[in-house]
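Take a look at the structure set out below.
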Amino acid sequence: MIDEVMFMRHGRTSFNLERRLQGQIDIPLDIVGQWQVDMSGYTLAQRFYWAKASNIARHPDRLPQPTDPDVRRSDIEEYRKSPAARRRIVVVSSDLFRAQQTAHAFADPLGLDVTLDERLRERDFGKWEGMTREEIQSKYPEGYRSWKAHDGGEREYGVETRSDLGARGAQTILSYCNDPQYMDEPTTLFVVSHGSWIAATIGNLMGLPDNKLDNLTGMRNAFWSRLEPRYNANGTQFTLTEYDKGPDIADTVDWENGPDYLRNPDMPMWKPLN
């Protein structure tokens with residue numbers, strides 16, 4: 001059964017840098033975003049290296065072998081008999097390209113497949129997609145005020161409410177947790193999605209009311225969180241064991257803007273909201 005759920009947010013995009021609501025607009029990673037997901041992907045690939053051995057045990061054809069018949073072949077039984085073979089990892093990603101790029105930064109070094117799931121898409125921001133908060137406030141002042149006050153006024157503009165988003169995400173995660181195909185052995189579900197989606201989904205699974213979701217700070221690009229599901233007669237309960245965690249390098253380099261060798265003179269600097 002699924003006993004671990006990892007959530008990873010996609011890396012930086014040009015819309016992130018410009019503080020625009022991306023929603024379901026299909027924006028790729030920028031150069032810093034690719035660096036972010038590679039740094040996090042390498043770190044998590046070390047943490048989940050067992051998944052490579054497990055995958056090879058299930059798919060022996062993925063183990064490179066010498067072509068010379070006189071050279072001894074690698075022993076697949078070493079993989080099949082390893083403790084790693086008794087556990088599985090499943091990588092699922094939003095079908096938006098920035099999430100796909102992020103998922104492959106983790107999955108490819110381990111030789112893992114990535115399954116796309118449109119249910120993992122970011123919050124639908126309706127008419128507001130592609131706009132900055134300043135532009136929304138200027139053009140739709142009453143809608144903006146209601147949105148920030150959590151009064152639901154954003155619905156008028158086709159924006160998916162945070163409550164509906166959290167319900168969509170939670171239903172998706174529970175559908176994986178309750179899927180019979182994952183009941184036969186311990187499984188890690190590795191989910192690559194978007195900042196608003198992840199926060200709202202975790203909040204819903206943890207049973208937080210909508211007015212308490214602000215207690216979950218927004219996740220940084222290419223950072224991860226972890227939930228442990230527990231199954232009983234009353235359903236599935238979740239324990240939050242990690243939230244908004246990143247690789248060690250994020251403590252030594254300007255994570256949001258990337259290392260100096262990636263920034264060209266024309267690139268604006270990302271700055272936090274006041």
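Heads up, the sequence shown is in the UniProt record's numbering, so the first residue is 1 and it goes up one at a time.
Even glycine gets a Cβ: it sits at the ideal position worked out from N, Cα and C.
Asked	Found
8 Å contact criterion, which glycine 158 and lysine 127 should meet: CB distance rounded	6 Å
Where tryptophan 197 sits in the DSSP three-state scheme	helix
Inter-stretch contact at 8 Å, needing at least 3 Cβ pairs: the region 89-106 / the region 58-77	no
Alpha-carbon to alpha-carbon, glycine 169 and arginine 220	19 Å
Arginine 72 classed as buried or exposed, judged by whether at least 16 other C-beta atoms fall within 10 angstroms	exposed
Reduced DSSP secondary structure (H/G/I, E/B, other) of glutamate 256	coil
Short Cβ contact (8 Å threshold) for phenylalanine 48 with leucine 96	no
Span of the alpha helix (DSSP H) around serine 138	133-139
Opposing strand residues paired with glutamate 156 [DSSP bridges]	According to DSSP, glutamate 156 bridges with nothing at all.
Whole-angstrom C-beta distance between proline 186 and aspartate 26, which should lie under 8 Å	So it is not a contact: roughly 35 Å between Cβ atoms.
Arginine 123 burial status per 10 Å Cβ neighbour count (16 or more: buried)	buried
CA-to-CA distance, serine 225 to valine 253, given in whole angstroms	21 Å
Three-state secondary structure (DSSP) of glutamine 237	strand
Close Cβ partners of glycine 33 (< 6 Å) along its chain, the five nearest in sequence each way excluded	Gly11, Arg12, Thr13
Check whether valine 114 and alanine 107 have beta carbons under 8 Å apart	yes
Cβ-based neighbour list, alanine 167, same chain, cut-off 7 Å, excluding 5 preceding and 5 following	Asn204
Given aspartate 164 as reference, the closest of Phe125, Asp184, Phe190, Ser175 once Cα atoms are compared	Phe125
Option nearest leucine 262 by Cα separation, candidates Met6, Gln22, Gln36, Met8	Gln36
CB contact flag (alanine 99, valine 192, <8 Å)	yes
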